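Taking it in order: structure first as structure tokens, then the write-up.
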């Protein structure tokens, strides 16, 4: 009796005009499900839920013009068959497409009755109300809706990557800090080239004592004349330092752009994951509804129902987690862009059109042309300028002093007459007899050698960092291509064959759901592979520079004792 009922149910289901439940990104043959039979138990049968609403789409995406495409992919130009296989349409497919359009994302439409919970659009099933047909009064757990955390997002305009780059260029504080180093070095260069100020003062001698009294009183002016071109050499040190800091600005821009771009594509992948998890949730509810229908005709029992509900609850958790990961990754992206108050919004971008790089050539470019290497090479020029200055510092400066005074000493006694006004002058130099700055010159020479080795060290360090990125990039591209051309088409074909067998009453419906769920799991793997391609490609294109929110560094000094106005300052 049970077999005859099940056969009749399957025949009826096979002829039903059911809604399409294709894999996202693939147009599958129409999937049918067994319609509910009147229960053979005394318990009340499961109540049908309302169909899903038309706006059950990825938050922030307009889905009215698209079918169930794979998240982040534009599938409208491709057939739904496995590569090289003749399908119902009579056309051959090249497999999943190249090209990505996140605006095409749309959650799966399931055949089972699915409703949206009031207020948040979550899925619920009345079938949860009856778990054990032979024990209707016993209920384990409750049917809590899956949280919808992105409801406010759907009304916001999708944001592309250039918006976040523009925010970062304007608002990321580390770029302003890097530019401040340039301004500091420019100011120090100006200060180092200033001429020493003159000294003016009073001079007196023989003020008291002696038989004549009065003494000598007057004023003087003293000036240090800097010889040997030392002022120009001091200024040259900071001009070289300024160029080093300017390279540091470029370096920091790469760091910021790298972090912003990686954060963008991480959030974009999370956005696609939300769609896949939402569709998996629909599949899980399909399984719950199906197992209840099978229980109605005696083909499933309470453990089957409970197990299906356990899986549905687990998928709810995964769906909620996916939403929170998207919110988290969007806020990280906003922080890198210097705009932490930016409301969570959808992202407009592509995942499947990945950068095509010659990884080995990119590694060589990083090692030879990285801004970090250029800045290190410029530091060698700074050290050489310091050495030239240290060698010239032993040249003494000329000390000039001149003044006018009045001498009260009497030249005659009768009548009394003072000596009167008189002038004086002096010239002197510091003789570099024992100290001709040899220690500082030797130290500057050692700094040059250290700076040159620093360039070599940085190149080796970049090589060590870039090689794994290059290999990971190549591996991820290979993996993504295998998902696209091998794994997903085979899983899709398996799903089609299972569905055909089911429609021919040769396969149980749960196996169809299992094969369909496998397609979604492969999609998740494909998205993860695409994410890895993007992360490694972005890092290679930005010279493996990271730290968009770390304070930029400068080898310059923040000293303010350069040629002080009182004339006591040195070059540093």
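In our numbering, the protein residues as written are 29 to 600. Cβ atoms here follow ideal geometry from the backbone N, Cα and C, with glycine treated the same way. Since the model is a prediction, treat every value here as computed from it, not as a measurement.
Exercise for review: Return the CA-CA distance between residue 393 and residue 213, expressed in angstroms with no decimal places.
Suggested key: As a first step, residue 393 must be located in the chain shown, where it is residue number 365. As a first step, residue 213 must be located in the chain shown, where it is residue number 185. Spanning the two alpha carbons is a distance of roughly 29 Å.
Practice item. Using DSSP bridges, identify the partner residues of residue 233. Key: As a position in the chain shown, residue 233 is number 205, starting the count at 1. DSSP lists 244 as partners of residue 233.
**Study point:** Backbone CA spacing between residue 163 and residue 506 [nearest angstrom]
**Key:** Residue numbering aside, residue 163 sits at position 135 when the chain shown is read from its first letter. Residue numbering aside, residue 506 sits at position 478 when the chain shown is read from its first letter. Those two C-alpha atoms are separated by around 53 Å.
Point to revise | residue 168 - DSSP class collapsed to helix/strand/coil | key: Along the chain shown, read from residue 1 onward, the residue named residue 168 stands at position 140. Here residue 168 sits in coil by DSSP.
**Study point:** residue 202, enclosing alpha helix (DSSP H) - first and last residue
**Key:** By one-based count along the chain shown, residue 202 stands at place 174. Element bounds for residue 202: 201-220.
Check your understanding: Of the choices 587, 571 and 544, whose alpha-carbon is the least far from that of residue 314?
Key -> Working through the chain shown from its first residue, we reach residue 314 at position 286. Residue 544 is the option with its Cα nearest to residue 314.
Practice item. For residue 570, collect the residues of the same chain with a Cβ closer than 7 Å to its Cβ; drop the 5 residues on either side in sequence, then sort them by chain order. Key: Position 542 of the chain shown, counted from the first residue, corresponds to residue 570. So the list reads 282, 285 and 286, once near-sequence residues are dropped.
Check your understanding: Per DSSP, what kind of secondary structure is residue 483 in: helix, strand or coil?
Key -> For the purposes of this step, residue 483 is taken as residue 455 along the chain shown, with counting starting at 1. If DSSP states are grouped into helix, strand and coil, residue 483 belongs with the helices.
Review point. In this structure, does DSSP put residue 308 in helix, strand or coil?
Key: For the purposes of this step, residue 308 is taken as residue 280 along the chain shown, with counting starting at 1. Three-state result, residue 308: helix.
Exercise for review: Taking all protein chains shown into account, decide if residue 124 is buried (16 or more other Cβ within 10 angstroms of its Cβ) or exposed.
Suggested key: As a working note, residue 124 is residue 96 in the chain shown. Residue confidence for residue 124 is low, a pLDDT of 33 falling below 50, so the modelled location carries little weight; the figure read from the coordinates is stated next. Result: buried.
Practice item. Give me whichever residues DSSP pairs with residue 228 in a beta bridge. Key: One-based indexing of the chain shown puts residue 228 at position 200. Residue 228 pairs with 249.
**Study point:** Beta-carbon contacts of residue 468 that lie in its chain and below 8 Å, excluding the five residues immediately before and after
**Key:** The sequence position of residue 468 within the chain shown is 440, counting from 1. Counting only Cβ-Cβ distances below 8 Å, and skipping sequence neighbours, we find 418 and 421.
Check your understanding: For residue 361, which of 441, 191, 311 and 271 has the nearest alpha-carbon?
Key -> The residue given as residue 361 occupies position 333 in the chain shown. Answer by Cα proximity: 191.
Review point. DSSP beta-bridge partners for residue 375?
Key: On the chain shown, position 347 is the one that residue 375 refers to. In the DSSP output, where bridge partners are listed per residue, residue 375 has 187.
**Study point:** Assigned exposure category for residue 562 - 16 Cβ within 10 Å defines buried
**Key:** Along the chain shown, read from residue 1 onward, the residue named residue 562 stands at position 534. Buried: at least 16 other Cβ atoms inside 10 Å.
**Study point:** Secondary structure of residue 539, DSSP reduced to three states
**Key:** For this step, residue 539 is matched to residue 511 along the chain shown. In this structure, residue 539 counts as helix in the three-state DSSP scheme.
Review point. Between residue 493 and the rest of its own chain, which residues show a CB-CB distance below 6 Å, the 5 nearest in sequence each way excluded?
Key: Numbered from its first residue, the chain shown carries residue 493 at position 465. So the qualifying residues of the chain are 572.
**Study point:** Anticipated Cβ contact below 8 Å, residue 202 with residue 553, distance rounded
**Key:** As a working mapping, residue 202 is identified with position 174 in the chain shown. As a working mapping, residue 553 is identified with position 525 in the chain shown. Between residue 553 and residue 202 the Cβ distance is about 36 Å, and since that is not below 8 Å, they are no contact.
Review point. The beta strand (DSSP E) with residue 438 in it runs from where to where?
Key: Counting from one through the chain shown, the residue named residue 438 turns up at place 410. Run containing residue 438: 426-440, per the beta strand (DSSP E) assignment.
Exercise for review: List the endpoints of the continuous alpha helix (DSSP H) containing residue 390.
Suggested key: Position 362 of the chain shown, counted from the first residue, corresponds to residue 390. Element bounds for residue 390: 387-397.
**Study point:** Whether residue 547 touches residue 511 by CB criterion (8 Å)
**Key:** Here residue 547 refers to the residue found at position 519 when the chain shown is read from its first residue. Here residue 511 refers to the residue found at position 483 when the chain shown is read from its first residue. Cβ distance not < 8 Å, so residue 547 and residue 511 don't count as in contact.
Point to revise | residue 433 versus residue 245 - alpha carbon distance | key: One-based indexing of the chain shown puts residue 433 at position 405. One-based indexing of the chain shown puts residue 245 at position 217. About 5 Å.
**Study point:** Under the three-state DSSP convention, the category residue 585 falls into
**Key:** Along the chain shown, read from residue 1 onward, the residue named residue 585 stands at position 557. Residue state, collapsed to three classes: coil.
Check your understanding: Which two residues bound the contiguous beta strand (DSSP E) that contains residue 445?
Key -> Here residue 445 refers to the residue found at position 417 of the chain shown. It spans 445-457 - the beta strand (DSSP E) in which residue 445 sits, taken as one unbroken run.
**Study point:** Cutoff 7 Å; reference residue 409; Cβ partners in own chain excluding five residues on either side
**Key:** Taking the first residue of the chain shown as 1, we reach residue 409 at position 381. Closer than 7 Å at Cβ, skipping near neighbours: 268.
Check your understanding: Quick one: is residue 301 buried, meaning 16 or more other Cβ sit within 10 Å of its Cβ, or exposed?
Key -> Your numbering for residue 301 matches position 273 in the chain shown. Flag for residue 301 reads buried.
Review point. Short check: CB of residue 363 to CB of residue 187, under 8 Å?
Key: As a working mapping, residue 363 is identified with position 335 in the chain shown. As a working mapping, residue 187 is identified with position 159 in the chain shown. No, Cβ-Cβ distance for residue 363 and residue 187 is not below 8 Å.
Review point. Run through DSSP, which three-state label would residue 159 get?
Key: Stepping through the chain shown from its first residue, residue 159 is reached at position 131. The answer is coil: DSSP assigns residue 159 none of H, G, I, E or B.
Check your understanding: What separation, rounded to the nearest whole angstrom, lies between the Cα atoms of residue 353 and residue 295?
Key -> Taking the chain shown and counting its residues from 1, one reaches residue 353 at position 325. Taking the chain shown and counting its residues from 1, one reaches residue 295 at position 267. Rounded to whole angstroms, residue 353 to residue 295 spans 8 Å at the Cα level.
Review point. Taking three-plus beta-carbon pairs below 8 Å as touching, is the segment 175-182 in contact with the segment 364-374?
Key: yes
Check your understanding: What residues in its chain sit with their C-beta under 8 Å from that of residue 247, if we drop five residues either side in the sequence?
Key -> To locate residue 247, count along the chain shown from 1; it is residue 219. 228, 229, 230, 231, 431, 432 and 433.
Check your understanding: Closest by CA to residue 579, which one among 320, 280 and 234?
Key -> By 1-based counting over the chain shown, the position of residue 579 is 551. Comparing Cα-Cα distances from residue 579 to each of 320, 280 and 234, the minimum goes to 280.
Exercise for review: In angstroms with no decimal places, state the Cα-to-Cα distance between residue 62 and residue 321.
Suggested key: Position 34 of the chain shown, counting from 1, holds the residue named residue 62. Position 293 of the chain shown, counting from 1, holds the residue named residue 321. Residue placement at residue 62 is flagged as unreliable, the pLDDT there being 37, under the threshold of 50; the coordinate-derived value follows with that caveat. So the two alpha carbons sit approximately 7 Å from each other.
**Study point:** Cβ neighbours of residue 582 in the same chain (closer than 7 Å, five flanking residues each side left out)
**Key:** Residue mapping note: residue 582 aligns to position 554 of the chain shown, counting from 1. Excluding sequence neighbours, residue 582 sits near 209, 273 and 276.
**Study point:** CA nearest to the CA of residue 541, picked from 205, 206, 250 and 316
**Key:** Taking the chain shown and counting its residues from 1, the one referred to as residue 541 is at position 513. Closest option to residue 541, Cα to Cα, is 316.
Exercise for review: Would you please state the rounded distance, in angstroms, between the beta carbons of residue 306 and residue 347? I believe it to be under 8 Å.
Suggested key: Working through the chain shown from its first residue, we reach residue 306 at position 278. Working through the chain shown from its first residue, we reach residue 347 at position 319. With a Cβ gap of about 6 Å, residue 306 and residue 347 count as contacting.
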